[in-house]
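2 protein chains.
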Amino acid sequence: MATRVGSRTIAFTDGPKISSFAAAVGKKEGEGPLSTKFDFIAEDDKMNKDTWEQAESALQSKAITLALEKSHIKHKDLDAILAGDLLNQCISSFMASVESNVPYLGVYGACCTMAEALAIGACMYDSGALRRFAASASSHFCSAERQYRFPLSYGGQRTPTAQWTATAAGAAIVGDTGSIKITHAFLGQMVDMDIKDAANMGAAMAPAACHTIATMLQDLDAQPSDFDMILTGDLGNVGSELLATLCDLEGYNIRTVHRDCGMLLYSKDQDVHAGGSGCGCCASVLCGPVLREMEQGKYKRILFAPNGALMSPTSVQQGQGIAGISHAVILEG
Amino acid sequence: MATRVGSRTIAFTDGPKISSFAAAVGKKEGEGPLSTKFDFIAEDDKMNKDTWEQAESALQSKAITLALEKSHIKHKDLDAILAGDLLNQCISSFMASVESNVPYLGVYGACCTMAEALAIGACMYDSGALRRFAASASSHFCSAERQYRFPLSYGGQRTPTAQWTATAAGAAIVGDTGSIKITHAFLGQMVDMDIKDAANMGAAMAPAACHTIATMLQDLDAQPSDFDMILTGDLGNVGSELLATLCDLEGYNIRTVHRDCGMLLYSKDQDVHAGGSGCGCCASVLCGPVLREMEQGKYKRILFAPNGALMSPTSVQQGQGIAGISHAVILEG
Chain A
1 MATRVGSRTI AFTDGPKISS FAAAVGKKEG EGPLSTKFDF IAEDDKMNKD TWEQAESALQ
61 SKAITLALEK SHIKHKDLDA ILAGDLLNQC ISSFMASVES NVPYLGVYGA CCTMAEALAI
121 GACMYDSGAL RRFAASASSH FCSAERQYRF PLSYGGQRTP TAQWTATAAG AAIVGDTGSI
181 KITHAFLGQM VDMDIKDAAN MGAAMAPAAC HTIATMLQDL DAQPSDFDMI LTGDLGNVGS
241 ELLATLCDLE GYNIRTVHRD CGMLLYSKDQ DVHAGGSGCG CCASVLCGPV LREMEQGKYK
301 RILFAPNGAL MSPTSVQQGQ GIAGISHAVI LEG
Chain B
334 MATRVGSRTI AFTDGPKISS FAAAVGKKEG EGPLSTKFDF IAEDDKMNKD TWEQAESALQ
394 SKAITLALEK SHIKHKDLDA ILAGDLLNQC ISSFMASVES NVPYLGVYGA CCTMAEALAI
454 GACMYDSGAL RRFAASASSH FCSAERQYRF PLSYGGQRTP TAQWTATAAG AAIVGDTGSI
514 KITHAFLGQM VDMDIKDAAN MGAAMAPAAC HTIATMLQDL DAQPSDFDMI LTGDLGNVGS
574 ELLATLCDLE GYNIRTVHRD CGMLLYSKDQ DVHAGGSGCG CCASVLCGPV LREMEQGKYK
634 RILFAPNGAL MSPTSVQQGQ GIAGISHAVI LEG
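These protein sequence lines are chains A and B, in that order.
Using our numbering, read the first sequence as starting at 1 and increasing by one per residue.
Using our numbering, read the second sequence as starting at 334 and increasing by one per residue.
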């Protein structure tokens with residue numbers, strides 16, 4: 001059974017374990033500082049498909065398949081797949097699993113979809129409703145760019161605060177075996193500070209990230225130093241600096257342990273401006289280097305609290321603020 | 334704790350109860366056969382907002398607020414809101430709850446989003462992670478029409494198999510009090526029979542509806558007559574006839590107890606062709622007449638198994654098949 005600690009944190013008495021994980025990324029991501037930690041790097045971002053949307057879907061499918069192989073199981077051994085992505089009506093995720101014949105739950109938390117899938121799945125596992133599930137998420141620069149911003153061929157200039165949508169996918173298989181345990185989950189609330197610049201997602205999401213992290217630390221009567229890493233994604237360098245400042249105001253100095261997936265995925269010379277973004281960014285960084293190094297004993301306890309910006313091109317054009325949200329899970333090695 | 338019955342059905346030992354519910358609909362829906370069973374009928378579908386998207390959001394917000402009032406509670410008394418809609422990046426749902434300061438889980442199952450929210454929420458309640466939650470969904474003819482089909486002012490002709498996106502929203506408050514219990518949940522799988530006509534959603538969804546209904550009946554060793562109603566949504570008249578035929582082939586005659594929200598919401602003279610559709614259709618029919626009449630004792634046991642079509646204009650334009658999905662819950666009065 002799950003119990004509630006403090007105001008909102010959900011604690012599992014015997015939480016589910018991550019039995020395997022895999023990350024599949026695009027060419028640019030495979031040339032970055034984490035290149036050796038991914039399971040699959042695409043030679044061609046089109047993945048031999050006719051469209052960018054199908055390519056993203058193939059990337060997510062690849063991540064799920066590789067994660068299943070590492071657990072020596074097949075799709076049919078899953079009780080459910082929980083997945084989401086940035087494309088309209090989340091088509092990338094359903095196309096990735098449409099042939100699986102497995103119960104499918106579409107979830108949407110923008111760039112923190114991976115944490116939402118893990119948090120919901122962990123609660124459902126805890127109830128006995130699921131015995132083993134896959135959580136996955138993806139994004140693709142080319143499918144996102146033309147949906148959210150400009151035609152690819154337009155080659156528009158990007159502002160310094162803009163982030164680069166990662167061509168990447170991650171998947172984790174969660175059940176009753178594995179060396180990494182999900183001990184806690186946190187369901188984030190929306191925080192809207194009326195940021196209206198879609199090219200400054202870091203500023204839009206930092207307040208929600210702070211809300212989740214500070215509330216969890218209060219609930220658990222913990223300090224940032226109780227974690228080997230507080231992993232956000234994808235605040236980029238603008239949002240990360242804002243988050244650290246906001247956490248200072250709450251009385252928590254997170255600077256030593258804070259890492260952001262959007263800042264880890266690319267090197268400075270890869271011209272991604274404020275950093276990476278997209279559902280696949282934190283999914284691939286988690287299911288690539290982070291869980292791998294956790295399995296190897298490098299980290300004992302991680303607070304995985306990625307961040308989503310709730311908006312669409314329509315809502316931005318209509319003058320709505322961009323609300324941030326941050327779902328989270330605590331992982332113990 | 335939840336247990337699994339048969340291959341996939343989830344049974345709750347002490348399932349959550351629906352403590353209150355409300356439905357808010359547009360003008361056309363308020364002129365239909367269910368008009369007296371809704372809590373709110375808009376005089377103007379624009380809901381005094383500047384845009385159709387904001388109007389849809391206001392309708393969902395109205396449904397949630399009215400449902401909360403009936404339970405004599407406020408937003409802050411909820412552990413989470415689970416919601417979704419058809420708009421790109423599900424903006425209607427998050428805009429409806431952005432000021433709630435309540436944990437928010439975006440879910441996406443196209444027109445069966447309401448059942449997905451209830452099923453996930455019930456499992457999370459069962460684990461102890463949630464003590465009380467709201468499940469809600471919405472759609473709006475004007476926001477959907479221009480996103481999925483044609484500019485509103487174009488006034489395009491519609492085919493006989495086409496359905497009419499309902500301007501409607503429904504919300505249910507679920508927790509430990511109330512006279513209607515969620516006894517079982519079922520997570521649907523995608524079924525893609527390669528239907529590519531976006532103006533024939535009934536045909537695209539009927540196979541998934543049959544899969545869910547037949548699997549549940551097998552799992553529970555039950556017959557259709559064990560239910561006062563098997564409620565789908567939104568197959569319309571084309572999909573409903575297909576569903577009955579497909580169920581015949583599985584050995585189940587559902588014709589006597591089957592009702593479809595898409596066929597209940599409008600009268601034949603309202604010119605909606607094959608019937609209603611949209612996330613708000615089954616949400617408002619459930620949270621309007623159905624739960625109301627169940628509370629009054631008219632129904633003892635209902636299988637609520639609405640249906641979603643997983644597609645986007647992009648996926649259809651790219652020649653992808655439209656996969657159907659059907660999540661379900663069993664309700665006992």
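Think of the CB as a built atom: it goes at the ideal place given N, C-alpha and C, for glycine as much as any other residue.
Small disclaimer: the values here were computed from a predicted structure and weren't measured.
If you look at Lys395(B), you'll find it in the alpha helix (DSSP H) that goes Trp385 to Lys403. For Phe141(A), no Cβ of chain B is located within less than 7 Å of the residue's own Cβ.
Listed by position along chain B, the residues whose Cβ is nearer than 9 Å to that of Ser277(A) form an empty set, because the closest Cβ is around 14 Å away. Nearest in C-alpha terms to Ile546(B), of all of Glu574(B), Cys444(B) and Glu583(B), is Glu583(B).
Secondary structure at His517(B): strand, using DSSP grouped into helix, strand and coil.
Any Cβ of chain A closer than 7 Å to the Cβ of Asn586(B) would place that residue at the interface, and such an atom is absent.
Contact annotation: the region 153-163 of chain A does not touch the region 54-65 of chain A, with fewer than three C-beta pairs closer than 8 Å. Here Gly641(B) really is in contact with Gly657(B); their C-beta atoms are around 7 Å apart, less than 8 Å. Interface flag for Asn640(B) against chain A is unset, since no Cβ pair is found closer than 7 Å.
Looking at the DSSP output, Cys111(A) shares a beta bridge with Gly109(A).
About 14 Å separates the CB atoms of Ile120(A) and Ile343(B); that is not less than 8 Å, and the two are not in contact. The Cβ atoms of Ser139(A) and Gln60(A) lie no closer than 7 Å to each other.
The region 448-501 of chain B contains, as complete beta strand (DSSP E) runs of 3+ residues, the segments 466-472 (chain order). Taking CB atoms only, Gly121(A) has no neighbour in chain B less than 7 Å away. The beta carbon of Asp552(B) does not come within 7 Å of any beta carbon belonging to chain A, so the residue lies off that interface. Nearest C-alpha to Pro622(B) among Met447(B), Cys594(B), Asp554(B) and Met549(B): Cys594(B). A direct Cα-to-Cα measurement between Lys17(A) and Asn570(B) gives close to 46 Å. With distances taken between CA atoms, Leu242(A) lies nearest to Cys210(A) out of Ala222(A), Leu331(A), Cys210(A) and Val102(A). Following the DSSP letters along the chain, one finds Gly239(A) inside the alpha helix (DSSP H) bounded by residues Gly236 to Leu249.
Spanning the alpha carbons of Trp164(A) and Gly276(A) requires a straight line of approximately 5 Å. Check the Cα spacing between Leu636(B) and each of Ile515(B), Gln422(B), Pro366(B) and Gly488(B): the tightest is with Ile515(B). In this structure, DSSP gives Thr314(A) a helical state, which the three-state scheme calls helix. Close to Ser394(B), with beta-carbon spacing below 7 Å, lies no residue of chain A; the smallest spacing is near 13 Å. Under DSSP, Ile18(A) forms a beta bridge with Val174(A) and Ile180(A). If you look at Ala305(A), you'll find it isn't in any alpha helix (DSSP H); DSSP assigns it neither H nor E.
When Cβ pairs closer than 8 Å are counted between the two stretches, the region 527-539 of chain B is seen not to touch the region 413-430 of chain B, the count staying below three. Asp85(A) is bridged by DSSP to Ser138(A). Judged by DSSP secondary structure, Phe427(B) falls within the alpha helix (DSSP H) whose first and last residues are Ile424 to Ser430. Neighbours of Gln163(A) in chain B, taken as residues at a C-beta separation under 7 Å, are lacking, since the least C-beta distance is about 16 Å. Burial is judged here by how many other beta carbons sit within 10 angstroms of a residue's own beta carbon; Tyr487(B) has fewer than 16 and is exposed.
Of all C-beta pairs linking the region 404-421 of chain B to the region 369-383 of chain B, fewer than three are shorter than 8 Å, placing the two stretches out of contact. Interface annotation, Cys423(B): in contact with chain A, CB-CB separation under 7 Å. Secondary structure of His606(B) (DSSP, three-state): coil. With a threshold of 7 Å between beta carbons, Tyr108(A) makes contact with chain B. Annotation for Ile655(B): no beta strand (DSSP E) segment contains it, and DSSP assigns it neither H nor E. With respect to chain A, the C-beta atom of Val431(B) has a partner C-beta closer than 7 Å.
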